[in-house]
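See structure below.
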Amino acid sequence: PQEMIDKMIAEMNDALDGTEERDIIISESAAAKFKELMAKEDKAGWGLKFTVEPGGCSGYTYVMDFAEKAEKGEETLEEKGLKVFLEKSVVSIVKGVRIDYADGLQGAGFKISNPNAKSTCGCGKSFH
């Protein structure tokens with residue numbers, strides 16, 4: 003029980019700590035899941051490529067993939083020991099985005115919260 007409380011407090015502090023200055027905030031649970039998936043795919047040490055593309059019912063959709071290194075036009079961020087490759091052209095769209103991972107009775111998956119989104123679709127996969 004105390005361990006769960008400590009973890010919740012750490013995640014809450016993480017969520018509140020400097021969200022305005024950071025481009026992308028990744029929760030401890032999301033970082034751990036990304037690292038686990040990379041290890042399973044023999045991509046340990048790689049980074050997360052995060053971008054947006056036109057699509058979905060609300061205008062844009064998030065795209066996440068693993069990449070060995072940043073490509074031209076991308077910047078590299080470090081978040082929770084995870085490299086994040088972010089296209090410079092989308093920084094203003096994703097500034098302050100929080101990526102979390104939940105695993106519960108209602109299903110498991112990554113949840114993306116974007117403070118810049120004017121609207122999101124019902125499925126939560128796209129935004130405007």
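Numbering (our numbering), first residue to last: 3 to 130. The C-beta atom is built at its ideal place from N, Cα and C for all residues, glycine as well.
_By the three-class DSSP mapping on this structure, what secondary structure does residue 2 have?_
Summary: the structure shown does not reach residue 2, with the chain confined to residues 3 through 130, and so no result is reported for it.
*For the candidate residues 8, 74, 68 and 49, whose alpha-carbon lies nearest to that of residue 84?*
Here residue 84 refers to the residue found at position 82 when the sequence shown is read from its first residue. Among 8, 74, 68 and 49, the Cα nearest to that of residue 84 belongs to 49.
*Label residue 132 either buried or exposed according to how many other C-beta atoms from any shown protein chain fall within 10 Å of its C-beta, with 16 as the threshold for buried.*
Absent from the model: residue 132. The displayed extent of the chain is 3 to 130, so no value can be given.
*Please go through the same chain and pick out, in chain order, the residues whose beta-carbon is closer than 6 Å to the beta-carbon of residue 67, but skip the five residues on each side of it.*
Taking the first residue of the sequence shown as position 1, residue 67 is located at position 65. Closer than 6 Å at the Cβ level, and outside the excluded window around residue 67, lie 51.
*asked:* Among the candidates 6, 3 and 114, whose CA atom is the shortest distance from the CA of residue 62?
replied: Walking along the sequence shown from the start, residue 62 turns up at place 60. Answer by Cα proximity: 114.
*Under 9 Å between C-beta atoms of residue 89 and residue 75*: Here residue 89 refers to the residue found at position 87 of the sequence shown. Here residue 75 refers to the residue found at position 73 of the sequence shown. Their beta carbons are under 9 Å apart, which means residue 89 touches residue 75 by this criterion.
_Suppose the cutoff is 7 Å on Cβ atoms and the five residues either side in sequence are ignored; what does the same chain contact list for residue 56 look like?_
Working through the sequence shown from its first residue, we reach residue 56 at position 54. Here the set comprises 62.
*Can you grab the Cα-Cα spacing for the pair residue 119 / residue 54, in whole Å?*
As a first step, residue 119 must be located in the sequence shown, where it is residue number 117. As a first step, residue 54 must be located in the sequence shown, where it is residue number 52. Answer to the nearest angstrom: the Cα atoms are 12 Å apart.
_residue 1 burial status per 10 Å Cβ neighbour count (16 or more: buried)_ = It is not possible to answer for residue 1, since the shown part of the chain is limited to 3 through 130.
*Quick one: using the 10 Å Cβ neighbour count with 16 as the cut-off for buried, is residue 110 buried or exposed?*
The residue labelled residue 110 in the question sits at position 108 within the sequence shown. Exposed.
*Between which two residues does the alpha helix (DSSP H) containing residue 93 stretch?*
As a first step, residue 93 must be located in the sequence shown, where it is residue number 91. Taken as a continuous stretch (DSSP letters only), the alpha helix (DSSP H) holding residue 93 covers 93-96.
*Grab the span of the alpha helix (DSSP H) containing residue 37 for me, first residue to last.*
Residue 37 sits at position 35 when you count from the first residue of the sequence shown. Run containing residue 37: 30-42, per the alpha helix (DSSP H) assignment.
*When the Cα of residue 13 is compared with those of 104, 93, 39 and 42, which residue comes out closest?*
Position 11 of the sequence shown, counting from 1, holds the residue named residue 13. Closest option to residue 13, Cα to Cα, is 104.
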